[in-house]
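>
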Amino acid sequence: MSGDHDHGDMKNTPETRLWMALGLTSAFMVAEVIGGFVTGSLALISDATHMLTDAMALAIALVAIKVGRRPADLLRTYGYARFEILAAAFNALLLLAVAFYILYEAYVRLFQPQDIASLGMLGIAVIGLLVNLTSMRLLAGHKDGSLNVKGAYLEVWADMLGSIGVIAGAALIWLTGWSWVDSVVAVGIGFMVFPRTWVLLKECINILLEGVPPDMELAEVELAISTVPGVASVHDLHLWAITQSKASLTAHVVLEEGADAETVRRAVEVRLQEKFDLHHTTLQMERVSCAPLERIH
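When we follow the UniProt record's numbering, the leftmost residue of the sequence shown carries the number 1, and every step to the right adds one.
Written as structure tokens, this is what we have:
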């Protein structure tokens, strides 16, 4: 078994930056809700709803950091790092629910249009764009190392695009008086969420189901092990991830006649580390395969 047993990917998560982004997002969310009601803009209220999910994503990420750093114990030998994945999945489901709600409200508003204070709507949207850009800059450097931070970043990114849409809609309403544009922008913000949220949710489900990490191919890993000198065959090969950046592997390795088990084991570990960045491996070395003949690869 390899010596790297650090299962969490929370240690490099920018906790201070998450707090800063949460403060900015929460403060402007309140301002945007008030502005939405004052100006009569559904698009602003829609954007404020996204701000709410942004704030929740950031808050969940902070909770996940605290929980994920708890050490392993006798009941949870992998520790609590996977709480991050549960939190990210919950956040994705929440965002999907909010998007459906916005679509419904926009549909109702299309048949019940109202006057929009376009200049007020424009000013608030511009401030919202600046807040989103600041939050994105705070999170951008760490989004690829944590699904939770990635989820928060994606929501802020979606909200940034929403702010651009609100700005364009406000300008169009001001120039033309077409109040229905507000509902169209709200619908656009709602639809914009679905693809990215589905990708995030699919990643979370794959990890929770202990699927093969998306950047790896099981056949390639098996071939890499099988071609190590001294290896006759491989079976019971399992590859999964504890969190997004912590892949694990177990396998039964059948030795060729005369091969030294410890030498082969170390060679397999080095091959897996160098080729796939796999540092948490458990290998059972066998002189005689314990697998049925039809299962031997």
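We treat Cβ as the ideally placed atom computed from N, Cα and C, and that holds for glycine.
Keep in mind the model is a prediction, meaning the values are calculated, not measured.
What does the Cβ neighbour count give for Gly-3, buried or exposed, with the cut at 16 atoms within 10 Å?
For Gly-3, the predicted model reports a pLDDT of 40, less than 50, meaning its position is unreliable; a value from the coordinates is still stated below. The residue in question, Gly-3, is exposed, as its Cβ has fewer than 16 Cβ neighbours within 10 Å.
> Please name the residue, chosen from Leu-122, Val-264, Arg-266, Trp-240, that lies closest to Arg-82 on a Cα-to-Cα basis.
Trp-240
> Among Ser-289, Pro-214, Asp-277, which one has its Cα closest to the Cα of Glu-257?
Ser-289
> Given this structure, state the Cα-to-Cα distance separating Arg-266 from Leu-58, to the nearest angstrom.
41 angstroms
> Are the Cβ atoms of Thr-49 and Val-126 separated by less than 8 angstroms?
No, these two residues do not count as a Cβ contact at 8 angstroms.
> Short check: CB of Val-38 to CB of Ala-117, under 8 angstroms?
yes
> Among Ile-189, Val-234, Phe-191, Ile-242, which residue has its Cα nearest to the Cα of Pro-213?
Ile-242
> Nearest-angstrom Cα distance between Trp-178 and Leu-172?
7 angstroms
> Ala-72 to Ile-207, Cα distance in whole Å?
Whole-angstrom Cα-Cα distance: 19 angstroms.
> Whose CA, out of Gln-284, Met-216, Ala-259, Gly-190, lies closest to the CA of residue 301?
Nothing about residue 301 can be read from this structure; the chain reaches only from 1 to 297.
> If you count every other CB in all the chains shown that lies within 10 Å of the CB of Asn-91, and 16 or more means buried, which is it?
buried
> Exposed or buried, Asp-260, counting other C-beta atoms within 10 Å across all chains shown (16 or more means buried)?
exposed
> How about Ser-135 and Val-108: are their beta carbons less than 8 angstroms apart?
Taking 8 angstroms as the Cβ cut-off, Ser-135 and Val-108 do not qualify as a contacting pair.
> DSSP beta-bridge partners for Gln-284?
DSSP lists His-252 as partners of Gln-284.
> Given that a residue counts as buried once 16 or more other Cβ atoms are within 10 Å of its Cβ, and exposed if not, what is Ser-112?
With the sequence shown as reference, residue 112 is identified as Gln, and Ser is not the correct amino acid for it. By the neighbour-count rule (16 or more Cβ atoms within 10 Å), Gln-112 is not buried but exposed.
> By Cβ distance, which residues of its chain are closer than 6 angstroms to Asp-54, with the 5 residues on each side in sequence left out?
Thr-25, Glu-155, Val-156, Asp-159
> Name the two residues that bound the continuous alpha helix (DSSP H) containing Trp-19.
15-39
> On the criterion of 16 or more Cβ atoms from any shown chain inside 10 Å, does Asp-277 qualify as buried, or is it exposed?
Counting Cβ neighbours within 10 Å, Asp-277 comes out exposed, since fewer than 16 surround it.
> In terms of residues, what are the limits of the beta strand (DSSP E) holding Val-270?
First-last for Val-270: 261-276, but that is the alpha helix (DSSP H), not the beta strand (DSSP E).
> Quick one, which of Leu-237, Val-199, Ala-106 has its alpha-carbon nearest Thr-282's?
Leu-237
> Distance check for Ala-43 and Leu-122, CA to CA, integer angstroms please.
Going by the C-alpha atoms only, they are around 11 angstroms apart.
> Drop a sphere of 10 angstroms on the beta-carbon of Asp-47, count the other beta-carbons inside from all chains shown, and report buried for 16 or more, exposed for fewer.
With 16 or more Cβ atoms within 10 Å of its Cβ, Asp-47 is classed as buried.
> With 16 as the cutoff for other CB atoms within 10 Å, does Glu-203 come out buried or exposed?
buried
> Am I right that Phe-28 and Gly-165 are in contact with their C-beta atoms under 8 angstroms? What's the rounded C-beta distance?
No, Phe-28 and Gly-165 are not in contact; Cβ-Cβ is about 16 angstroms, not under 8 angstroms.
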